[in-house]
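Peer 1: Start counting the sequence shown at 1; every next residue gets the next number (full-length UniProt numbering).
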Amino acid sequence: MKLFVSEGAPGTLSVLAAAGWAQGRTELLISTVGPEECVVPFLTRPKVPALQLDSGNYLFSTSAICRYFFLLSGWEQDDLTNQWLEWEATELQPALSAALYYLVVQGKKGEDVLGLVRRALTHIDHSLSRRSCPFLAGETESVADIVLWGALYPLLQDPAYLPEELGALHSWFQTLSSQEPCQRATETVLKQQGILALRPYLQKQPQSSFLEGRAISNEPEEEELAALSEEEIAMALAAWEKGLGSLPPLRPKQNPVLPVAGERNVLITSALPYVNNVPHLGNIIGCVLSADVFARYSRLRQWNTLYLCGTDEYGTATETKAMEEGLTPQEICDKYHVIHADIYRWFNISFDIFGRTTTPQQTEITQDIFQRLWDRGFVLQDTVEQLRCEHCARFLADRFVEGVCPFCGYEEARGDQCDKCGKLINAIELKKPQCKVCRSCPVVKSSRHLFLDLPKLEDRLEKWLEKTLPGSDWTPNSRFIIRSWLRDGLKPRCITRDLKWGTPVPLKGFEDKVFYVWFDATFGYLSITANYTDQWERWWKNPEQS
1 MKLFVSEGAP
11 GTLSVLAAAG
21 WAQGRTELLI
31 STVGPEECVV
41 PFLTRPKVPA
51 LQLDSGNYLF
61 STSAICRYFF
71 LLSGWEQDDL
81 TNQWLEWEAT
91 ELQPALSAAL
101 YYLVVQGKKG
111 EDVLGLVRRA
121 LTHIDHSLSR
131 RSCPFLAGET
141 ESVADIVLWG
151 ALYPLLQDPA
161 YLPEELGALH
171 SWFQTLSSQE
181 PCQRATETVL
191 KQQGILALRP
201 YLQKQPQSSF
211 LEGRAISNEP
221 EEEELAALSE
231 EEIAMALAAW
241 EKGLGSLPPL
251 RPKQNPVLPV
261 AGERNVLITS
271 ALPYVNNVPH
281 LGNIIGCVLS
291 ADVFARYSRL
301 RQWNTLYLCG
311 TDEYGTATET
321 KAMEEGLTPQ
331 EICDKYHVIH
341 ADIYRWFNIS
351 FDIFGRTTTP
361 QQTEITQDIF
371 QRLWDRGFVL
381 QDTVEQLRCE
391 HCARFLADRF
401 VEGVCPFCGY
411 EEARGDQCDK
421 CGKLINAIEL
431 KKPQCKVCRS
441 CPVVKSSRHL
451 FLDLPKLEDR
461 LEKWLEKTLP
471 GSDWTPNSRF
481 IIRSWLRDGL
491 KPRCITRDLK
501 WGTPVPLKGF
511 EDKVFYVWFD
521 ATFGYLSITA
531 NYTDQWERWW
541 KNPEQS
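1. Measuring only the C-alpha atoms, how far is LEU454 from PHE370?
2. Leaving out five residues on either side along the sequence, give the residues of the same chain with a beta carbon under 6 Å from the beta carbon of ILE216.
3. Report yes if the C-beta distance between CYS66 and ALA18 is below 7 Å; otherwise report no.
4. Would you call the CB atoms of ASP334 and TYR274 closer than 7 Å?
5. Does the Cβ of ASP534 have 16 or more other Cβ atoms within 10 Å, making it buried, or fewer, making it exposed?
6. Ends of the beta strand (DSSP E) at ILE268?
7. Who are the Cβ neighbours of SER209 in its own chain at under 6 Å, not counting the five residues just before and after it?
8. If you draw a straight line from the alpha carbon of CYS441 to that of THR188, how long is it in whole angstroms?
9. Let me check one thing: in DSSP terms, what residues is ARG493 bridge-paired to?
10. Looking at GLY8: is its Cβ nearer than 7 Å to the Cβ of TYR201?
11. Three or more C-beta pairs under 8 Å: does that hold for the region 500–511 against the region 367–382?
12. Buried or exposed for LYS436, going by 16 or more other Cβ atoms inside 10 Å?
13. Is CYS287 helix, strand or coil when you go by DSSP?
14. Do the region 522–533 and the region 355–365 meet, that is, are 3 or more Cβ pairs less than 8 Å apart?
15. Would you call the region 121–131 in contact with the region 152–172, where contact means no fewer than 3 C-beta pairs closer than 8 Å?
16. Just the Cα atoms here: how many angstroms apart are TRP540 and ILE353?
17. Start and end of the beta strand (DSSP E) containing LYS432?
18. What does VAL379 pair with, by DSSP beta-bridge criteria?
19. CB ASN276 to CB ALA341, shorter than 7 Å?
20. Would TRP346 be called buried (16 or more neighbouring beta carbons within 10 Å of its own) or exposed?
21. Straight-line CA distance for PRO10 to ILE195?
22. Quick one: complete alpha helix (DSSP H) runs, 4+ long, within the region 349–420?
23. Using DSSP with H/G/I as helix, E/B as strand and the rest coil, what is ASN218?
24. Could you check the C-alpha separation between GLU390 and VAL379 for me, to the nearest Å?
25. For LEU16 versus ALA151, is the C-beta spacing smaller than 7 Å?
26. When burial is assigned at 16 or more other CB atoms within 10 Å of the CB, is TRP75 buried or exposed?
27. Report the three-state DSSP secondary structure of PRO252 (helix, strand or coil).
28. Look up PHE294 in the DSSP assignment and say whether it is helix, strand or coil.
29. Please list the terminal residues of the continuous alpha helix (DSSP H) segment that includes CYS309.
30. Leaving aside the five residues before and after GLU412 along the sequence, list all residues of the same chain whose C-beta is less than 6 Å from its C-beta, in chain order.
31. Quick one, which of GLY489, GLY415, TRP21, ARG299 has its alpha-carbon nearest GLU141's?
32. So, helix, strand or coil for GLU224, using DSSP?
33. What's the C-alpha gap between LEU148 and TRP84?
34. Expressed to the nearest angstrom, what Euclidean distance is found between the alpha-carbon atoms of CYS408 and TYR161?
35. Starting from GLN174 and walking both ways along the alpha helix (DSSP H), at which residues does that stretch end?
36. So GLN386 and LYS432 are supposed to be a Cβ contact under 8 Å. How far apart are they, rounded?
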C-alpha cells in the first residue's frame, strides 16, 4: 500500500496517527507530495491524504483511510464509533474549518475563533463526562478518537482554545497527544511552522457559512423561526375554538390537477416505499405522514396542490423476494403494490396519485435521461470484477452470494456485509463463496459497466450551490453533508447492474444489463406523474408555476 500525504493538509494528521496503530500489520510506503499534485487518477482536483491499496483502488476520505488502518489492527467497528464519524463530518468540520480560517488566514484570535467551535467542544466534553470513559467509544482508542483528535489538534494545541472548564475534553486531548503515533504525526505535518503550515490549504477552501456567525447545530436556527405576533396567536386560538366547521371549503378538485398560472402551485412527494414488504407504522410516520399533513394544510390554504407517491419496484430485493415466494418479480410487484395501496388508503393518506415504477413511462423517461447524459459525455465505461455463477449463467448481486467472512470466519456472511462482526465485505473477498440459488461455487469474472461521471459535474454543482444555498430552506445537516462530499471530491458512480429485473440499458453492448435502482428510481416521481397525466411536464419542467 502507498499513503500519499502533504504537509499542511489537515486530514494528514489523522491518517498518519491511524497508520501508526496498524504498524507492522502491513507494508506501507508513505509518500509526501505537493498540495497541487493529483495522486488519485479519476479525481479532477488534487486530494490528499489518499491511500492506494494493493488492489489498485484508492481511499481518499480521511475517515475511510483511518477506518481501514484500524481494521487492519484488529479493531471491530461499532455503532457509536460510526455515529461519532458522521458527527465529525457533518457537524464538527464546518465549524472547525471556519475557526481555522479565521485564525490562520484572517489572523483573528480569542472568542472570534473559539465562539465558532465552543458548542462542538462542549458536546465532546459532555459525552466523555456522561459515559465516564477515557475515550469516545469506550475504554480504548477507536478510529473516532483519532479522526477527531487529528481534526482538532491544530486548534487545541494552543491552550487558549482548550477551555479549562472542559476537563474531560482536556484529559482526552492530552492523553491522545502524548501517544507516540500522534506525536510522530504532528512532527510530520506541522514541522517547524506549527499551525501556519495549514495556511496554503485553508486559503484555497471556499468560505464556510459559519463565517456568517452560524452556530453548529442540526436544530432549527433561531433566526429561521418566525416570531408570531399577539394578534396572530389570538387569531389561531379563535380558529381552534371554532373547530373544523369554521374552515373555508376546499377548492373543487380537478382531475387531473395541473399548475394554474397566477396561483401558488404546490407539488408534494413522499419517498417511494420499496415494494417487497408490508408497510408498518414506522413507514407511515417516517415516510408519508409529514407530507400528508402538509398536503392537507396546502389545500386548506386554497393552494393548487398535487401530492404523489408510489411503490419502488425494480432491483435485487424484488428478485430475492420473488424467489422466496416462488413468484415472478412482476407478480411480486403486483401483489405488494395492492397491499401498499390498501394500507395507505386505510390510513386515509390523501395521495392524489399512488403509482408504481414498473411502467412504460418509467422506461421511456429513464432511457431518455440516460441518452441525454450519454450524448453530453457524462457517462463512463469501466470494468468491474464480480462473482459469476456459471450454473445459473449470471453475475451474482451481493444478496445472491454468501460465504465465509474473511475477517471473523462466520460461515454465512453476505456478499456485502458480515452479520456477525458487522464489517463491510467486497463479495470477491469471501472465502468459499456460494451462489444462494443453486449453492454452486461462483468464479471471479470481469463485467463492463457504466458510471455517472460525477467529477465532471463538480465545478458546476459548486457554482449552483453558491447561488442556491443563500436564503434557501436547506437544513444545516443537508448543507454540511453536501459540503463534506465536495470536500472529499466526487467520484464516478456505477449506474448499471447485471440483473434481469429493471429498466433495460438502451446501449449497444449493454443489452444484458439494467439500470441500478438508485439511478432509475429517482425518476419514478416523474413517471408516476406521467401515468397520472400526459401533461406531466407542466409540473416538472415549469419552474415559474410550480
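Ideal placement from N, C-alpha and C gives every residue a C-beta, glycine not left out.
Peer 2: Taking the coordinates as given:
1. Counting from 1 along the sequence shown, the entry for residue 454 is found at position 454. Counting from 1 along the sequence shown, the entry for residue 370 is found at position 370. Going from the Cα of LEU454 to the Cα of PHE370 covers about 14 Å.
2. Translated into positions along the sequence shown, residue 216 becomes position 216. Low confidence applies to ILE216: its pLDDT is 38, below 50, so where it sits in the model is not reliable enough to give any reading.
3. As a working mapping, residue 66 is identified with position 66 in the sequence shown. As a working mapping, residue 18 is identified with position 18 in the sequence shown. Result yes, Cβ atoms of CYS66 and ALA18 sit closer than 7 Å.
4. Within the sequence shown, residue 334 is the residue found at index 334, counting from 1. Within the sequence shown, residue 274 is the residue found at index 274, counting from 1. Going by C-beta atoms, ASP334 is not nearer than 7 Å to TYR274.
5. Counting from one through the sequence shown, the residue named residue 534 turns up at place 534. ASP534 should be labelled exposed.
6. Here residue 268 refers to the residue found at position 268 of the sequence shown. Per DSSP, ILE268 belongs to the beta strand (DSSP E) from 265–269.
7. One-based indexing of the sequence shown puts residue 209 at position 209. Reliability of the predicted coordinates at SER209 is poor, the pLDDT of 49 falling under 50, and the value obtained from them is presented with this limitation in mind. Counting only Cβ-Cβ distances below 6 Å, and skipping sequence neighbours, we find nothing.
8. Reading the sequence shown from its first residue, position 441 is the one you call residue 441. Reading the sequence shown from its first residue, position 188 is the one you call residue 188. About 48 Å.
9. Locating residue 493 in the sequence shown gives position 493, where the first residue counts as 1. Beta-bridge pairing links ARG493 to LEU452.
10. Here the question's residue 8 lines up with position 8 in the sequence shown. Here the question's residue 201 lines up with position 201 in the sequence shown. It is a contact, given that the beta carbons lie within the stated cut-off.
11. yes
12. Translated into positions along the sequence shown, residue 436 becomes position 436. Burial call: buried.
13. Within the sequence shown, residue 287 is the residue found at index 287, counting from 1. Three-state result, CYS287: helix.
14. yes
15. yes
16. Here residue 540 refers to the residue found at position 540 of the sequence shown. Here residue 353 refers to the residue found at position 353 of the sequence shown. Roughly 15 Å separates the two Cα atoms.
17. Here residue 432 corresponds to residue number 432 of the sequence shown, with the count starting at 1. Unbroken beta strand (DSSP E) run through LYS432: 431–435.
18. As a working note, residue 379 is residue 379 in the sequence shown. According to DSSP, which records beta bridges pairwise, VAL379 is partnered with LEU452.
19. Translated into positions along the sequence shown, residue 276 becomes position 276. Translated into positions along the sequence shown, residue 341 becomes position 341. No, the Cβ-Cβ distance between ASN276 and ALA341 is not below 7 Å.
20. The residue you call residue 346 lines up with position 346 of the sequence shown. Exposed, by the Cβ-count rule.
21. Reading the sequence shown from its first residue, position 10 is the one you call residue 10. Reading the sequence shown from its first residue, position 195 is the one you call residue 195. Each residue's Cα considered, the two are about 10 Å apart.
22. 360–375
23. Stepping through the sequence shown from its first residue, residue 218 is reached at position 218. Unreliable placement is indicated for ASN218, whose pLDDT of 40 sits below 50; no coordinate value is reported for it.
24. Position 390 of the sequence shown, counting from 1, holds the residue named residue 390. Position 379 of the sequence shown, counting from 1, holds the residue named residue 379. Going from the Cα of GLU390 to the Cα of VAL379 covers about 29 Å.
25. By 1-based counting over the sequence shown, the position of residue 16 is 16. By 1-based counting over the sequence shown, the position of residue 151 is 151. Cβ atoms of LEU16 and ALA151: not closer than 7 Å.
26. Residue numbering aside, residue 75 sits at position 75 when the sequence shown is read from its first letter. Result: buried.
27. Locating residue 252 in the sequence shown gives position 252, where the first residue counts as 1. In the structure shown, PRO252 sits in coil (DSSP, three-state: anything other than H, G, I, E or B).
28. The count along the sequence shown starts at 1 and reaches residue 294 at position 294. In the structure shown, PHE294 sits in a helix (DSSP, three-state: H, G or I).
29. Here residue 309 refers to the residue found at position 309 of the sequence shown. Unbroken run through CYS309 is the beta strand (DSSP E), 304–311; no alpha helix (DSSP H).
30. Here residue 412 corresponds to residue number 412 of the sequence shown, with the count starting at 1. Within the same chain, GLU412 has close Cβ partners GLU402.
31. In the sequence shown, the residue the question calls residue 141 occupies position 141. If we check each option's Cα against that of GLU141, TRP21 comes out closest.
32. Within the sequence shown, the letter at position 224 stands for residue 224. Its pLDDT being 44, under 50, GLU224 is placed unreliably in this model, and the value from its coordinates should be taken loosely. Note: GLU224 maps to helix in three-state DSSP.
33. Looking up residue 148 in the sequence shown gives position 148. Looking up residue 84 in the sequence shown gives position 84. LEU148 and TRP84: Cα-Cα distance of roughly 8 Å.
34. In the sequence shown, counting from the first residue as 1, residue 408 sits at position 408. In the sequence shown, counting from the first residue as 1, residue 161 sits at position 161. CYS408 and TYR161: Cα-Cα distance of roughly 43 Å.
35. Within the sequence shown, the letter at position 174 stands for residue 174. Start and end: 167–177.
36. On the sequence shown, residue 386 is found 386 positions in, with the first residue counted as 1. On the sequence shown, residue 432 is found 432 positions in, with the first residue counted as 1. Actually they are not in contact, since the Cβ atoms of GLN386 and LYS432 sit about 17 Å apart, beyond 8 Å.
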